[in-house]
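Reviewing the structure listed below.
Number of protein chains: 2
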Amino acid sequence: MSPAMGIALHDDVATRLRRGRQRYTPARRTLVALLHRLDRPHTTAELLDADPSMSQSSLYRNLAVLEQADVVRRLTGSDDAARFELAEDVTGDHHHHLVCTACGTIEDIEVAQAVEEAMHDAIDHAADERGFTTELHRLELLGTCTTCA
Amino acid sequence: MSPAMGIALHDDVATRLRRGRQRYTPARRTLVALLHRLDRPHTTAELLDADPSMSQSSLYRNLAVLEQADVVRRLTGSDDAARFELAEDVTGDHHHHLVCTACGTIEDIEVAQAVEEAMHDAIDHAADERGFTTELHRLELLGTCTTCA
DNA sequence: TTTACTGCAAAGGGTTTGCAACATG
DNA sequence: CATGTTGCAAACCCTTTGCAGTAAA
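So the protein lines, in turn, are chains P and U. With our numbering as the guide, the letters of the first sequence map in order to residues -6 to 142. With our numbering as the guide, the letters of the second sequence map in order to residues -6 to 142.
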């Protein structure tokens, strides 16, 4: 990642937070930078381990604030611990997840555009029939990762 | 559902449990019948509410046993409470889920076979590149259900 | 008669919150 | 200075487990 991209990211986050009358504090900036640096979704335990200067309660609160500002996305994998990553709104990419049922690790994955479109069409069609308003779709591939195989 | 179908279901479950040297007790039969009767995945709280004769610990234990026997499927939705349904191995159908981000309710949904195949192809292809062994895929549509709209 | 199952109550673990002090607009 | 934010510790909630008794193969 380029430094310039990092600045654009922070500017974007700052804007999104201001919309909700919330502040882009040093702690939140550190958290966003950490999530940006890590290449996969991580649990709060992993985030605290990566930066012990954060307090647990503030971490949870900041993740909640950032989630509400569409900066962070919360994932519920195979185990009970939630995992967090930067939201697609902020990173610009669209991806799905490989979830290891053995260790709970989540990796990002991208699928062909044709598949995305097919899913999208089927989704909207099926959901509309039920009066369900879809916001987004989530495709997860459950299996075993290389280290657990 | 026909009574005959219910019997076939119970026979199937009994067989699957025997494979793991486990017993199809009255409590488990009641639980399977309850999951069969309910048309959507439900939380343990809802299951206990639907049949207060079950004890909480036995419910959790039996759900775990039935999950391991591929009779029950555990879903982790948008909120923290897990939801349970009969596994596709037992019901014979293949479906995905509409998850309401407002109330957490999960509804079943089926998508066109062509979409299933496209997803399956993309999945295997992308996962293989990462050395990831896929067991199954999970497509979830997040949005707002009719009662929460 | 050995092994699995049940119920109760207590513990566990991830997440949230009350409160007082602090920092920011 | 009014409002948002932080850290600590305690509370919370869903889930799991120890144990002693019961039922099934």
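Quick reminder that beta carbons are idealized off the backbone N, C-alpha and C, glycines included.
Contacts with chain U (Cβ-Cβ distance below 9 angstroms) from the segment 75 to 105 of chain P involve A75, H89, L91, V92, C93, T94, E100, I102, E103, V104 and A105, listed in chain order.
Membership of D42(U) in the alpha helix (DSSP H) is indicated by the continuous run T37 to A43. Rounded to the nearest angstrom, the Cβ distance from R9(U) to V64(U) is 6 angstroms, consistent with a contact under 8 angstroms. Distances from the alpha-carbon of L28(P) to those of R14(P), A107(P) and N55(P) put N55(P) closest. Judged by beta-carbon spacing, T69(P) lies beyond the 8 angstroms limit of G136(U), meaning their Cβ atoms are not closer than that value. Apart from the 5 residues on each side of it in sequence, V58(P) sits with its Cβ closer than 7 angstroms to the Cβ of Q15 in its chain, given in chain order.
Of all residues in the segment 115 to 134 of chain U, only A115, I116, A119, A120, R123, G124, F125, T126, T127, E128, L129, H130, R131, L132, E133 and L134 place a beta-carbon less than 7 angstroms from a beta-carbon of chain P.
Contact of V64(U) with chain P is not assigned, every C-beta pair being separated by 8 angstroms or more.
Selection I99(P), E103(P) and T98(P) evaluated against D86(P) yields E103(P) as nearest (Cα-Cα). In this chain, the alpha helix (DSSP H) harbouring E110(P) covers Q106 to E122.
The shortest CA-to-CA distance from L129(P) to any of H89(P), I0(P), D44(P) and A107(P) is the one to H89(P). Judged by DSSP secondary structure, R30(U) falls within the alpha helix (DSSP H) whose first and last residues are P19 to R30.
T139(U) carries a coil assignment under DSSP once its states are collapsed to helix, strand and coil. Counting of Cβ neighbours within 10 angstroms places P34(U) among the buried residues, the total reaching 16 or more. Considering only G13(U), R30(U), R11(U) and T18(U), the residue with the shortest C-alpha distance to G(-1)(U) is R30(U). The straight-line gap separating the alpha-carbon atoms of S51(U) and T94(P) is approximately 24 angstroms. The DSSP-derived three-state label of H87(U) is coil. Ranked by Cα distance from D5(P), the first of R131(P), L79(P) and V108(P) is L79(P). Per DSSP, the unbroken beta strand (DSSP E) holding V65(P) starts and ends at V65 to T69. Boundaries of the beta strand (DSSP E) harbouring R76(P): A75 to L79, taken from the DSSP string.
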